[in-house]
DNA sequence: TAATTTTACGCAAACGTTTTAGTTAGAGGG
DNA sequence: CCCTCTAACTAAAACGTTTGCGTAAAATTA
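Residue numbers (this note's numbering), protein chains in the order written: chain V, 1 to 363; chain P, 1 to 363.
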């Protein structure tokens, strides 16, 4: 790979850039221009009862005409909050999480908050660093979905105890009591497994995230329950964990090889997460296995392309956008609440199972 | 759709949240504890020559022990910059842009900058609002990819003239002289069209973004050039513009209907953008057209799934991550540069054409 | 020893707000 | 005419830093 450079010379460029405050008129400028004190102007702008209607009108008109906007940095410093919320996600380049972020952004934006996004790339170290970074960025609250490597959540407990509002979404923890939003993971896996069983599959494998994160447990439970109802034990050899949730293709390749090497090899696979699902589909195709004849596949994915995959993919869709919205609404309520909140809820959003050809039964 | 609520009561939760400054030790606290002046402490921490080695050591040790972190808000206010950069993109829930953001974040993070992401959803109004919002958030620089609706860029000219560093990526403008990063759009469309011609297709349609944005023009030029070299005029009826770049499925549905209603209907389609490409594929499948027999398809997309689509999709891949990195590096150089920059470059990144079954020729 | 320089620190202003505690002028009451 | 009260405003401190300037003491020089 190489790349071209096109150079061009700019003749002018003389405006001296005075830090962030270019073109910015301050409250002090208004005061001077109107022969008022700074505090009068401030109060007039904030519609204080202490200021006469006449003065308010003059000040507000001048402010509007000169496009005055309060400096949010100064406001933050004075008021002790920054009107920004921190987001910690595994990766933005992931269908599900980018939809969540979309939802977060839409609510935050409306409320005048801005968001600071950080990615863990499924690394615990990175998660700790990101949390630390956000804290010192003086965020007013945090939205977080744990990394696959995260077992210890001391870094979150500490700041939560110190009063930072936190809302967990998707990959949550039991160890901190606060608002949480998840999809109905149990039902997602249950419905999918049930669908496979109903379609005549009997040897159903499960390729999933590491066992420590919440979604894995919940989904495993749904899978087990469906099997149990069909009179099956949960076959240990059929459950494969990907240490980094499929971040590396080798994780899934290994899992698949192991499954295919089994004496009694599976006739269907249930996968979790966008990454694992699409990679599994890719590998099955690569291995030349016919789907669904030789191997059925149902997976969690938020891609809009499930319909045009080869074969079209039976999938569990999670309401990512809604999750982002809800989590942010909860966080804002925590932030804006005057007195400490003592009652928390875990909001469970419904999932949807879309049945397509990758599980076209054998009945 | 409905959803469950699980309530739980939290017994404690008494820590009064004191704004953003929970647990935070200030420079003043250090000064008091060490019986020094505030300025001495500040200078010691910043390793000023004015402070003796002994004092520096004492101060730094105390700071480390008590986990002192400077308040970035106060620093921003004082120093006139906020160590944050604003991003304006059409949508984060888009393969290409989320990869770009990933690249942006990786560079910005390393340099200690944080990013504020905003989405235009292809709306001009929203773009203007976002830019305004970012300005008043005191960003130190801006990374922007124009919305499809954007024709007038006064809102950007103004702030650029006032000295805000801006770097354009992907959808750029000629009207502002600054650093820019794009993919080699001409070559992408040229190679794709050329490949179709070489594979025996002769009636090649082009479904693309609106004609006002840069990528559309560049790609159209590449498409035309390839046709010209094959002795073809650019057929006006074969070029279809989607006003919102495929945001709404109807845009593409209409384009497709018009193309298929043509007397001399096309035997191949070149699409641009993730959204247009995948939707086109979806619709062609829905219409029951055999790909590539009845209609070949090559499209711009950054999905990792091109291989497992039905059929596997010949596609033009743009280095999104690299684009984000490069744009951010350029922006940081602009921000960090002491004297005004007068020489700008437009960096062109190479694209890659992946040939798959959706264009399996008719030779 | 006196003059000068250097070292190492403190003081105070500044960034742009918000807010507490005054202050002034005028109105109203007695 | 004095007192009190209120309306409408101002002064100043504060948020947590950074930084130019001042200065005492120590070190150096003459």
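Each residue gets a CB set at the ideal place from its N, CA and C atoms; glycine is no exception.
From the listed residues P:313, P:208, P:70 and P:343, the smallest Cα separation to residue 180 of chain P is found for P:343. Along the length of the segment 98–151 of chain V, whole alpha helix (DSSP H) runs at least 4 residues long occupy 124–136, reported in chain order. Under the 7 Å criterion on CB atoms, residue 181 of chain P is classed as non-interfacial with respect to chain V. The residue from P:186, P:108 and P:272 with its alpha-carbon nearest to that of residue 205 of chain P is P:272. For residue 179 of chain P, the three-state secondary structure derived from DSSP is coil.
Distance from the Cα of residue 83 of chain P is smallest, within the candidate group V:134, V:255, V:100 and V:98, for V:134. Taking the CA atoms as reference points, residue 85 of chain V sits about 12 Å from residue 114 of chain P. A Cβ of chain V is located within less than 7 Å of the beta carbon of residue 282 of chain P. Counting C-beta atoms within 10 angstroms of its own C-beta, residue 187 of chain V has 16 or more neighbours from the protein chains shown and is therefore classed as buried.
Assigned with DSSP and collapsed to three states, residue 270 of chain V falls in strand. Ranking P:27, P:77 and P:101 by CA distance to the CA of residue 321 of chain P puts P:101 first. For residue 297 of chain P, the uninterrupted beta strand (DSSP E) segment begins and ends at 296–300. Judged by DSSP in its simplified three-state form, residue 249 of chain V adopts helix.
In this structure, the straight-line span from the alpha carbon of residue 61 of chain V to that of residue 49 of chain V is close to 18 Å.
Remark: C-beta atoms of residue 243 of chain V and residue 210 of chain V approach each other more closely than 7 Å. The three-state reading of DSSP puts residue 91 of chain V in coil, since its state is none of H, G, I, E or B. As computed with DSSP, residue 315 of chain V is found in a beta bridge with V:299 and V:354. Around the C-beta of residue 264 of chain P, fewer than 16 other C-beta atoms lie within 10 Å, and the residue is accordingly described as exposed.
At a cut-off of 7 Å between beta carbons, residue 305 of chain V contacts chain P. In the three-state scheme derived from DSSP, where H, G and I count as helix and E and B as strand, residue 84 of chain V is classed as strand. For residue 345 of chain P, the uninterrupted beta strand (DSSP E) run begins and ends at 343–349, by DSSP. For the segment 185–219 of chain V, the set of positions with a beta-carbon nearer than 7 Å to some beta-carbon of chain P is empty. Collapsing the DSSP output to three states places residue 57 of chain V in a helix. The three-state secondary structure of residue 51 of chain V, taken from DSSP, is coil. For residue 309 of chain V, the nearest beta carbon of chain P is closer than 7 Å to its own beta carbon.
Of the candidates V:359, V:356, V:340 and V:325, the residue whose Cα lies closest to the Cα of residue 99 of chain V is V:325. The straight-line gap separating the alpha-carbon atoms of residue 335 of chain V and residue 65 of chain P is approximately 30 Å. When V:216, V:226 and V:215 are compared, the shortest CA-CA separation from residue 203 of chain V is found for V:226.
When DSSP states are grouped into helix, strand and coil, residue 278 of chain V belongs to the helix group.
Annotation for residue 308 of chain P: no beta strand (DSSP E) segment contains it, and DSSP assigns it neither H nor E. Contacts with chain V (Cβ-Cβ distance below 7 Å) from the segment 120–143 of chain P involve 136, 137, 138 and 140, listed in chain order. Interface annotation, residue 102 of chain V: in contact with chain P, CB-CB separation under 7 Å. Chain order gives the chain V residues near residue 285 of chain P as 307, 308 and 312, where near means a beta carbon separation below 9 Å. Remark: three or more beta-carbon pairs, one from each stretch, lie closer than 8 Å, so the segment 305–320 of chain P and the segment 303–320 of chain V are flagged as touching.
The C-beta of residue 287 of chain P has fewer than 16 other C-beta atoms within 10 Å across all chains shown, which makes the residue exposed.
If you look at residue 73 of chain V, you'll find it in the alpha helix (DSSP H) that goes 72–79.
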